[in-house]
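Enquirer: In full-length UniProt numbering, the protein residues as written are 1 to 294.
Glycine residues also receive a C-beta, built at the ideal position from the N, C-alpha and C atoms.
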């Protein structure tokens, strides 16, 4: 008990900060999601109910933001994980300049999101953008990346994959360093080629890292806000194609001052992330490999 009390004493400052700035706001958000008649500035609540959730159910903008969020997640998650894994395997196989390439691929993740989005806003420009200049150079027509709703969603996915793949590369490389090279050498002696060693040795041993990257990437995809906000210059894009769920919450809370509706949307976002992660944990039980027969 003395050791436990001493440990709690050391943790007490962190627990106080966690309670003040995380737990308490979370509880207040849950309570606020049921506010129907209230004075937010005087902290007076006259009535509670489920009106906010009914409003979300009947709000076309909410369903549009949900559709955009799932579209972004469905494309960005597998592409960023797959490209990150492929780059990590390639970098792990080469000897010289490995650190240099690691730094190059990791730079987008640590660079300011505002700077990245502004640069990509120029790259996607219809008349003066680099991407359309390359397309015209090979005889193709320019694409209205940021003006057509269909292409605007694609451009957001491209930007999301480009920014997140570098982080995945670094995590995968860390996981690859923990795999004993003896396994691959033994398989190579037995005649197994690169692809057979990758699919039957490397990937099973890398499955815990792969699972971690999938969970973190899914959470980041559901919470995306800064990329569409800067890419479309503080607007949700053409036909609200960049209106993600977090963007919707931002609009309701900060611009429209519908605090109860925004809080209800926050809880639904938390529910979606939790459900998606539970599905991932359920699937991971069948394929994840921790070694030593476990």
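Tell me residue 330's beta-bridge partners as DSSP assigns them.
Expert: The question about residue 330 has no answer, for the chain in this structure spans 1 to 294.
Enquirer: Is it buried or exposed for residue 139, if we count other Cβ within 10 angstroms and need 16 for buried?
Expert: The residue is exposed, with fewer than 16 neighbouring Cβ atoms inside 10 Å.
Enquirer: Following the continuous alpha helix (DSSP H) through residue 81, name the residue where it begins and the one where it ends.
Expert: Per DSSP, residue 81 belongs to the alpha helix (DSSP H) from 60-93.
Enquirer: Need the endpoints of the alpha helix (DSSP H) that residue 226 sits in, please.
Expert: Start and end: 226-231.
Enquirer: Kindly list the residues whose CB is nearer than 8 angstroms to the CB of residue 63, restricted to its own chain and excluding five residues on each side of it in sequence; keep chain order.
Expert: Excluding residues within five positions, none has a Cβ falling inside 8 angstroms.
Enquirer: Could you check which residue in 221, 32 and 36 has the C-alpha nearest to that of residue 66?
Expert: It is 221.
Enquirer: According to DSSP, is residue 98 part of a helix, a strand, or is it coil?
Expert: Looking at residue 98 - three-state DSSP - the assignment turns out to be helix.
Enquirer: Any chance you could list the alpha helix (DSSP H) runs of at least 4 consecutive residues sitting entirely within the stretch 199-255, in chain order?
Expert: For the stretch 199-255, whole alpha helix (DSSP H) runs of length 4 or above, ordered along the chain, are 203-222, 226-231 and 245-250.
Enquirer: Between which two residues does the alpha helix (DSSP H) carrying residue 4 extend?
Expert: Counting along the chain, the alpha helix (DSSP H) containing residue 4 begins and ends at 2-18.
Enquirer: Roughly how far, in whole angstroms, is the beta-carbon of residue 135 from the beta-carbon of residue 145, given that I think they are within contact range, below 8 angstroms?
Expert: Not confirmed; about 10 angstroms, so no contact.
Enquirer: Between the beta-carbon of residue 263 and the beta-carbon of residue 29, is there less than 9 angstroms?
Expert: Cβ atoms of residue 263 and residue 29: closer than 9 angstroms.
Enquirer: Out of 108, 266 and 127, point me to the one whose CA is closest to residue 163's CA.
Expert: For the residues 108, 266 and 127, the minimum Cα distance to residue 163 belongs to 108.
Enquirer: Write down the C-beta distance between residue 226 and residue 113 rounded to the nearest angstrom, noting that I regard them as a contact closer than 8 angstroms.
Expert: With 8 angstroms as the limit, residue 226 and residue 113 qualify as a contact, their Cβ atoms being about 5 angstroms apart.
Enquirer: If you measure between the beta carbons of residue 211 and residue 284, is that distance less than 9 angstroms?
Expert: For residue 211 and residue 284, yes; Cβs fall inside 9 angstroms.
Enquirer: Using only the alpha-carbon positions, how far apart do residue 111 and residue 147 sit?
Expert: If I take the Cα positions, the gap works out to 26 angstroms.
Enquirer: Within 10 angstroms of the Cβ of residue 366, are there 16 or more other Cβ atoms? Answer buried if so, exposed if not.
Expert: Summary: the structure shown does not reach residue 366, with the chain confined to residues 1 through 294, and so no result is reported for it.
Enquirer: For a test of your reading of the model: does the CB of residue 285 fall under 8 angstroms from any non-hydrogen atom of the ligand NAP? Yes or no.
Expert: As for the ligand NAP, it is missing from this structure, which has no ligand bound.
Enquirer: Taking the continuous alpha helix (DSSP H) assigned at residue 314, which residues delimit it?
Expert: Outside the displayed span of the chain (1 to 294) sits residue 314, for which this structure offers no information.
Enquirer: By Cβ distance below 6 angstroms, which residues in the same chain neighbour residue 292 in space, the five residues on each side in sequence not counted?
Expert: The predicted model places residue 292 with a pLDDT of 49, which falls under 50 and marks its position as unreliable; any figure quoted below should be read in that light. Once the five neighbours on either side are set aside, residue 292 has no close Cβ partner at all.
Enquirer: Tell me whether the beta-carbon of residue 23 lies closer than 9 angstroms to the beta-carbon of residue 80.
Expert: Cβ atoms of residue 23 and residue 80: not closer than 9 angstroms.
Enquirer: At 4 residues or longer, and completely inside the stretch 106-188: list those alpha helix (DSSP H) runs for me, N to C.
Expert: Runs of the alpha helix (DSSP H) inside the stretch 106-188: 113-123, 130-137 and 149-177.
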